[in-house]
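Trainee: A single structure is presented below for examination.
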Amino acid sequence: MPNPSPLANPENYYHIRETEKSSSRKFRTTAYTYAEKFKDFKANVPLENTEGFITELWDSVLTSLKQQCQAKDDDRLRLSIHHDSLKSPVWIEFSSPSELTPSKVIDTIQHVQQSNDKFHITDGKATSFMTHVSLPHGTGRKKVLWSTTFATPN
């Protein structure tokens with residue numbers, strides 16, 4: 001049986017791990033940060049398949065992250081992409097899990113690549129961090145306002 005194409009297994013080109021957990025008692029929420037380290041795949045993916053593979057790779061990464069953090073529709077996710085050639089990371093703002101798509105990530109990366117020739121997501125030097133925040137929910141209790149009645153003269 002021949003070896004499967006690298007296109008069939010984008011999971012082989014990244015590794016995800018939870019790096020940080022922080023809580024906010026005031027807002028009753030917890031933020032989790034995950035790091036994704038990408039491996040160099042230029043040698044294994046033909047040049048004409050690179051664009052399709054990158055789309056499959058980000059789809060796989062985002063799906064894995066959303067499953068790992070058990071993201072719900074009302075949660076918020078933020079993605080930052082770090083690379084040695086960048087002065088500051090590429091940020092994708094907090095958005096719902098359904099709004100964080102491979103095309104949104106790729107469009108943001110392409111925008112940065114237009115102004116920075118040394119930034120290549122395919123060279124194995126990129127790391128991304130995703131922050132997951134569950135929005136707090138109300139307790140369902142009604143707030144009781146204490147009122148005092150004053151006797152008014154007739």
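For the sequence shown, the UniProt record's numbering begins at 1 and goes up steadily by one.
Ideal Cβ placement from N, Cα and C applies to all residues, glycine included.
1. Alpha carbon to alpha carbon, how far is residue 22 from residue 42? Give it in angstroms, no decimals.
2. Roughly how many whole angstroms lie between the Cα atoms of residue 87 and residue 124?
3. Assuming residue 134 and residue 30 are in contact, meaning their beta carbons sit under 8 Å apart, how far apart are those beta carbons, in whole angstroms?
4. Flag this pair as yes or no: are the beta carbons of residue 64 and residue 106 separated by less than 8 Å?
5. Relative to the C-alpha of residue 103, which residue among 48, 44, 119, 59 is closest?
6. Buried or exposed for residue 73, please, with buried defined as at least 16 other CB atoms from any protein chain shown within 10 angstroms of its CB.
7. Buried or exposed for residue 115, please, with buried defined as at least 16 other CB atoms from any protein chain shown within 10 angstroms of its CB.
8. When DSSP labels each residue in this structure, what does residue 156 get in the three-state scheme?
9. Can residue 130 and residue 57 be called in contact, C-beta distance under 8 Å?
10. How far does the alpha helix (DSSP H) with residue 111 in it extend, from its first residue to its last?
11. Less than 8 Å between the beta carbons of residue 83 and residue 119, yes or no?
12. What does DSSP give as the partner residue(s) for residue 120 in the beta ladder?
13. Could you tell me the alpha carbon to alpha carbon distance between residue 200 and residue 97, rounded to whole angstroms?
14. Please tell me whether residue 132 and residue 75 are closer than 8 Å, where the distance is taken between their beta carbons.
15. For the beta strand (DSSP E) holding residue 21, just list the boundary residues, first then last.
16. Give me the Cβ distance between residue 127 and residue 37, rounded to the nearest whole Å; I'm assuming they're in contact under 8 Å.
Mentor: The structure says:
1. Taking the first residue of the sequence shown as position 1, residue 42 is located at position 42. Taking the first residue of the sequence shown as position 1, residue 22 is located at position 22. So the two alpha carbons sit approximately 36 Å from each other.
2. Here residue 87 corresponds to residue number 87 of the sequence shown, with the count starting at 1. Here residue 124 corresponds to residue number 124 of the sequence shown, with the count starting at 1. Distance between the alpha carbons of residue 87 and residue 124: 18 Å.
3. Taking the first residue of the sequence shown as 1, we reach residue 134 at position 134. Taking the first residue of the sequence shown as 1, we reach residue 30 at position 30. Contact holds; Cβ gap of about 7 Å.
4. Taking the sequence shown and counting its residues from 1, the one referred to as residue 64 is at position 64. Taking the sequence shown and counting its residues from 1, the one referred to as residue 106 is at position 106. Contact: no.
5. Taking the sequence shown and counting its residues from 1, one reaches residue 103 at position 103. The shortest Cα separation from residue 103 among 48, 44, 119, 59 belongs to 59.
6. Within the sequence shown, the letter at position 73 stands for residue 73. Under this definition residue 73 is an exposed residue.
7. Residue mapping note: residue 115 aligns to position 115 of the sequence shown, counting from 1. Counting Cβ neighbours within 10 Å, residue 115 comes out exposed, since fewer than 16 surround it.
8. Since the first and last residues shown for the chain are 1 and 154, residue 156 lies out of range.
9. In the sequence shown, residue 130 corresponds to position 130, counting from 1. In the sequence shown, residue 57 corresponds to position 57, counting from 1. No; because the gap between Cβ atoms is not below 8 Å, this pair is not in contact.
10. For the purposes of this step, residue 111 is taken as residue 111 along the sequence shown, with counting starting at 1. Where residue 111 is concerned, the enclosing alpha helix (DSSP H) stretches over 102 to 115.
11. Here residue 83 refers to the residue found at position 83 when the sequence shown is read from its first residue. Here residue 119 refers to the residue found at position 119 when the sequence shown is read from its first residue. A contact, by the Cβ cut-off of 8 Å.
12. By 1-based counting over the sequence shown, the position of residue 120 is 120. In DSSP, residue 120 forms no bridge with anything.
13. Since the first and last residues shown for the chain are 1 and 154, residue 200 lies out of range.
14. Looking up residue 132 in the sequence shown gives position 132. Looking up residue 75 in the sequence shown gives position 75. Result yes, Cβ atoms of residue 132 and residue 75 sit closer than 8 Å.
15. Numbered from 1 along the sequence shown, position 21 holds the residue referred to as residue 21. Where residue 21 is concerned, the enclosing beta strand (DSSP E) stretches over 14 to 24.
16. To locate residue 127, count along the sequence shown from 1; it is residue 127. To locate residue 37, count along the sequence shown from 1; it is residue 37. With 8 Å as the limit, residue 127 and residue 37 qualify as a contact, their Cβ atoms being about 5 Å apart.
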